[in-house]
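In order, the protein sequences belong to chains V and E.
If you're matching positions, the first sequence starts at 7 in this note's numbering and goes up one per residue.
If you're matching positions, the second sequence starts at 7 in this note's numbering and goes up one per residue.
Number of protein chains: 2
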Amino acid sequence: MQSAVSSTGRRPLKVGLDVGGTKTDAVAIDAKGDVVALRRLRTGWGPDAVADTILAAVEELRLELRDDDVEFVSVGVGMPGQTVPGTARMRHAVNLGVTEFDMATAVAPRLGGVAVAVENDVKAAAIGAYAMHGNVGTIAYLNLGTGIAAGIVSDGILWRGARGTAGEIGHISVDPQGPLCRCGQRGCIEALAGGGAVAERWGQGGELPIRDVFDAADGGDERGLLLREELVRGVAAAIRVLVLTTDADAIVLGGGLTGLGDRLMTHVDQELAQSAAASAFMTSLRLPERLQMLAPGSAVAAIGAALIGPTTTEDYHHG
Amino acid sequence: MQSAVSSTGRRPLKVGLDVGGTKTDAVAIDAKGDVVALRRLRTGWGPDAVADTILAAVEELRLELRDDDVEFVSVGVGMPGQTVPGTARMRHAVNLGVTEFDMATAVAPRLGGVAVAVENDVKAAAIGAYAMHGNVGTIAYLNLGTGIAAGIVSDGILWRGARGTAGEIGHISVDPQGPLCRCGQRGCIEALAGGGAVAERWGQGGELPIRDVFDAADGGDERGLLLREELVRGVAAAIRVLVLTTDADAIVLGGGLTGLGDRLMTHVDQELAQSAAASAFMTSLRLPERLQMLAPGSAVAAIGAALIGPTTTEDYHHG
Chain V
7 MQSAVSSTGR
17 RPLKVGLDVG
27 GTKTDAVAID
37 AKGDVVALRR
47 LRTGWGPDAV
57 ADTILAAVEE
67 LRLELRDDDV
77 EFVSVGVGMP
87 GQTVPGTARM
97 RHAVNLGVTE
107 FDMATAVAPR
117 LGGVAVAVEN
127 DVKAAAIGAY
137 AMHGNVGTIA
147 YLNLGTGIAA
157 GIVSDGILWR
167 GARGTAGEIG
177 HISVDPQGPL
187 CRCGQRGCIE
197 ALAGGGAVAE
207 RWGQGGELPI
217 RDVFDAADGG
227 DERGLLLREE
237 LVRGVAAAIR
247 VLVLTTDADA
257 IVLGGGLTGL
267 GDRLMTHVDQ
277 ELAQSAAASA
287 FMTSLRLPER
297 LQMLAPGSAV
307 AAIGAALIGP
317 TTTEDYHHG
Chain E
7 MQSAVSSTGR
17 RPLKVGLDVG
27 GTKTDAVAID
37 AKGDVVALRR
47 LRTGWGPDAV
57 ADTILAAVEE
67 LRLELRDDDV
77 EFVSVGVGMP
87 GQTVPGTARM
97 RHAVNLGVTE
107 FDMATAVAPR
117 LGGVAVAVEN
127 DVKAAAIGAY
137 AMHGNVGTIA
147 YLNLGTGIAA
157 GIVSDGILWR
167 GARGTAGEIG
177 HISVDPQGPL
187 CRCGQRGCIE
197 ALAGGGAVAE
207 RWGQGGELPI
217 RDVFDAADGG
227 DERGLLLREE
237 LVRGVAAAIR
247 VLVLTTDADA
257 IVLGGGLTGL
267 GDRLMTHVDQ
277 ELAQSAAASA
287 FMTSLRLPER
297 LQMLAPGSAV
307 AAIGAALIGP
317 TTTEDYHHG
């Protein structure tokens, strides 16, 4: 348990950032895990601009809290890409124009040496979802975005595995006759349900292609109906895979596609109900009871990022 | 670390049993985890006979070690079925004719009150496989038997999940056009590759129906070829699911089907090589490097059972 007052006599806060392709969420949380400040800003492109975004976000939080006697004790950042075990380095954050990014050199010195940590954004969201769920049991966070991936936290431990592919369920094939995935397999969950893959098959461009697919399906368009059916089947498969491997208490859905809200969930619930009707075993899993969808604009990934810093390499790394 | 000498001055040993449908393996291991005694005997049918089998196995180990000054400090038992969290009770051990079995009342008093524990046999084997692998990283034990299930141990923790279905990957559907599973779904991994399901579709009876299927396939029989192809596809799917969810360092294959040895592995390796050839991502997972098959007659489940006792409810239970 962290003390409510730091060695400087000021109230210690942890900062967490979720640096996404377009926007960055920033939160400051107190020792109880409550959010005491929250900001959203645009993300810059490329490593220098990302570093500037992080520093600007921390500064905005500081300004928001300027009347309070607080101290930022750590800054944890979630972003797409792969962490390098035992470091504060992130690789292949393609959406951000970043090949490699080292928090320790790019950010920490400009924060007065505050402890920093970095985590894959889906894994950070999983940690946030676990906290949201009361820090007990097993939680799977299922990110439904351009790609499909999951983060799993059990009894406070983020599952990492040997080579960083734990939770990469998007590339489990669930249909040998399904659409070709960019990974080379057929019928991957991500090929069926990933926002990128569905938009590509839809092929009509647009700002919100998945919304367009749902609109078309609602209007009876055959192609829209097929793509929506495949998408829903992929999401349901991801949920089943997570429950049958991890037996998580809760499957927390987040990511861009959850912006569809009930339009998505109604169909996912139908698909799960249909498979439960055919299978007493599926019924016994009580999948619908385990499903939770994050509220739009939820800062769960930023909260999770705050919780990892600066303990990543000690508490959460199990490479 | 356990001391090498117990409070009685005798060398403390842990007993582990793997109570299977036909035979029971029994081991005694020392504080270093080395097997110092090993017995195999027939399993009785029904709760009373199972209790007698356990007591007889412990007695046989004691006789084998009679010249040594040893003390059995715990007895851990692996058997098919579902444990009741926080107890030494096992439910639905169908293969043993057991609806419910309580080690604490059926066995412990007749062992002079020695600490007892019980664990699902696949999970016990996973714990044994983890020890065999040096007690580091993440291990998935994939049981290829009448059914298909996995046990996963990461950083010393057995994954349980919320309702005991962690590792029940046999009922992940990987082909919507696949054979009907007894669970009601189509194309479950277990429907494709479970010894029971394959034997049923083969439908010719016999002592070793899966061996017969492989023989028929070798002889060019069309039905044999199809069933073997499906079986291999199911095993490969199970391996991919485990790596993509848990990213285990090692996937340890055990269970009755592994009695086929290289006859099985050659085809599984081919199937994995084929999917790797089509997918750089699959290649990057290096699945063949992670695969290990237990030696025939391996006592890994008994060793794992010894390691759970008597700490199940403290160290391993995370319900």
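Just so it is clear, CB atoms sit at the ideal spot from N, CA and C, and this is done for glycine as well.
Straight-line gap, residue i to residue j (C-alpha atoms, nearest Å)
i, j, result
"Asp321 of chain V", "Phe107 of chain V", "For Asp321 of chain V, the predicted structure reports a pLDDT of 37, less than 50, and the residue's modelled location is therefore unreliable. The matter cannot be settled from this model."
"Asp253 of chain V", "Glu277 of chain E", "28 Å"
"Leu263 of chain V", "Val81 of chain E", "51 Å"
"Ala121 of chain E", "Ala32 of chain V", "51 Å"
"Gly143 of chain E", "Gly92 of chain V", "15 Å"
"Leu293 of chain E", "Leu248 of chain V", "20 Å"
"Arg192 of chain E", "Ser290 of chain V", "17 Å"
"Ala203 of chain V", "Gly230 of chain V", "14 Å"
"Gly26 of chain E", "Leu313 of chain V", "45 Å"
"Arg329 of chain V", "Trp51 of chain V", "The question about residue 329 of chain V has no answer here: the residues shown for chain V are numbered 7 through 325."
"His177 of chain E", "Gln298 of chain V", "23 Å"
"Gly167 of chain V", "Asp255 of chain E", "7 Å"
"Ala112 of chain V", "Asp58 of chain V", "9 Å"
"Gly379 of chain E", "Pro53 of chain E", "A query on residue 379 of chain E cannot be resolved here, the shown segment of chain E reaching from 7 to 325 and no further."
"Thr89 of chain V", "Val238 of chain V", "30 Å"
"Gly140 of chain E", "Gly162 of chain E", "10 Å"
"Ala311 of chain V", "Leu19 of chain V", "13 Å"
"Arg269 of chain V", "Gly173 of chain E", "31 Å"
"Gly170 of chain E", "Val180 of chain E", "22 Å"
"Ala284 of chain E", "Gly190 of chain V", "5 Å"
"Ala223 of chain V", "Thr105 of chain V", "38 Å"
"Arg17 of chain V", "Thr152 of chain V", "39 Å"
"Glu66 of chain V", "Ala34 of chain V", "11 Å"
"Gly240 of chain V", "Gly119 of chain E", "52 Å"
"Gly209 of chain E", "Gly201 of chain E", "12 Å"
Chain A contact for residue i (CB, 8 Å cutoff)
i, result
"Pro294 of chain E", "Among the protein chains of the structure shown, namely V and E, there is no chain A."
Where residue i falls: helix, strand or coil (DSSP)
i, result
"Thr252 of chain E", "helix"
"His98 of chain E", "strand"
"Gln245 of chain E", "It should be pointed out that residue 245 of chain E corresponds to Ile in this sequence rather than to Gln. Helix."
"Thr264 of chain E", "helix"
"Gln280 of chain E", "helix"
"Pro215 of chain E", "helix"
"Leu23 of chain V", "strand"
"Leu231 of chain E", "helix"
"Pro18 of chain E", "strand"
"Leu259 of chain E", "strand"
"Cys207 of chain V", "Residue 207 of chain V is actually Arg in this sequence, not Cys. In this structure, Arg207 of chain V counts as helix in the three-state DSSP scheme."
"Leu198 of chain E", "helix"
"Val104 of chain V", "strand"
"Leu297 of chain E", "strand"
"Arg188 of chain V", "coil"
"Phe179 of chain E", "Sequence inspection shows Ser at residue 179 of chain E; the Phe mentioned does not correspond to that position. Strand at Ser179 of chain E."
Proximity winner among the options, relative to residue i (alpha-carbon distances)
i, options, result
"Tyr147 of chain V", "V:Gly170, V:Val204, V:Arg169 and V:Ile175", "V:Ile175"
"Asn126 of chain V", "V:Val113, V:Pro115, V:Val100 and V:Gly118", "V:Val100"
"Leu23 of chain V", "V:Arg17, V:Gly15, V:Ala37 and V:Thr49", "V:Thr49"
"Met271 of chain E", "E:Ala301, E:Gly225 and E:Thr251", "E:Ala301"
"Ile60 of chain E", "E:Thr152, E:Thr171, E:Lys29 and E:Glu77", "E:Lys29"
"Asp75 of chain E", "E:Ala110, E:Thr105, E:Ala55 and E:Asp36", "E:Asp36"
"Leu327 of chain E", "E:Leu102, E:His139, E:Leu150 and E:Thr14", "Nothing in the structure corresponds to residue 327 of chain E, since chain E is present only between 7 and 325."
"Arg234 of chain V", "V:Gly212, V:Thr251, V:Ile257 and V:Arg207", "V:Arg207"
"Val306 of chain V", "V:Gly39, V:Gly119 and V:Ala62", "V:Gly39"
"Thr14 of chain V", "V:Ala62, V:Trp165 and V:Phe78", "V:Phe78"
"Arg188 of chain V", "E:Ala63, E:Glu295, E:Cys187 and E:Ala286", "E:Ala286"
"Gly303 of chain E", "E:Gln280, E:His273, E:Ala282 and E:Gly267", "E:Gly267"
"Ile145 of chain E", "E:Ala34, E:Trp165 and E:Thr152", "E:Trp165"
"Ala114 of chain V", "V:Arg16, V:Arg169 and V:Val21", "V:Val21"
"Asp296 of chain V", "V:Met109, V:Ala308 and V:Val274", "With the sequence shown as reference, residue 296 of chain V is identified as Arg, and Asp is not the correct amino acid for it. Taking only the C-alpha atoms, the option nearest Arg296 of chain V is V:Val274."
"Leu117 of chain E", "E:Thr105, E:Ala62 and E:Met288", "E:Ala62"
"Met109 of chain V", "V:Glu66, V:Val56 and V:Gly153", "V:Val56"
"Met288 of chain V", "V:Arg17, V:Leu250 and V:Gly209", "V:Leu250"
Heavy atom of the ligand SAH within 7 Å of residue i beta-carbon
i, result
"Glu196 of chain E", "You won't find the ligand SAH in this model; it holds no ligand whatsoever."
Stretch-stretch touch, CB-based, cutoff 8 Å, three pairs: the region 36-49 of chain V with the region 62-73 of chain V: Touching, yes, given that three or more Cβ pairs across the two stretches are closer than 8 Å.
Could you say if the region 122-135 of chain V and the region 145-157 of chain V meet the contact criterion of at least three C-beta pairs nearer than 8 Å? Enough Cβ pairs lie closer than 8 Å, so yes.
Whole runs of the alpha helix (DSSP H) within the region 27-94 of chain V, excluding any shorter than 4 residues: You should have 53-70.
Could you tell me whether the region 189-201 of chain V touches the region 239-246 of chain V, where touching means 3 or more Cβ pairs closer than 8 Å? Taking 8 Å as the limit for Cβ pairs, the verdict is that the region 239-246 of chain V does touch the region 189-201 of chain V.
Could you tell me whether the region 75-95 of chain E touches the region 124-131 of chain E, where touching means 3 or more Cβ pairs closer than 8 Å? With a cut-off of 8 Å on Cβ pairs, the region 75-95 of chain E is in contact with the region 124-131 of chain E, counting three or more such pairs.
List in chain order: all unbroken beta strand (DSSP E) runs of 3+ residues lying wholly within the region 147-177 of chain V. Within the region 147-177 of chain V, the complete beta strand (DSSP E) segments of 3 residues or longer fall at 154-160, listed in chain order.
Just list the beta strand (DSSP E) runs in the region 108-141 of chain E, keeping only unbroken ones of 3 residues or longer that don't cross its boundaries, in chain order. For the region 108-141 of chain E, whole beta strand (DSSP E) runs of length 3 or above, ordered along the chain, are 121-126.
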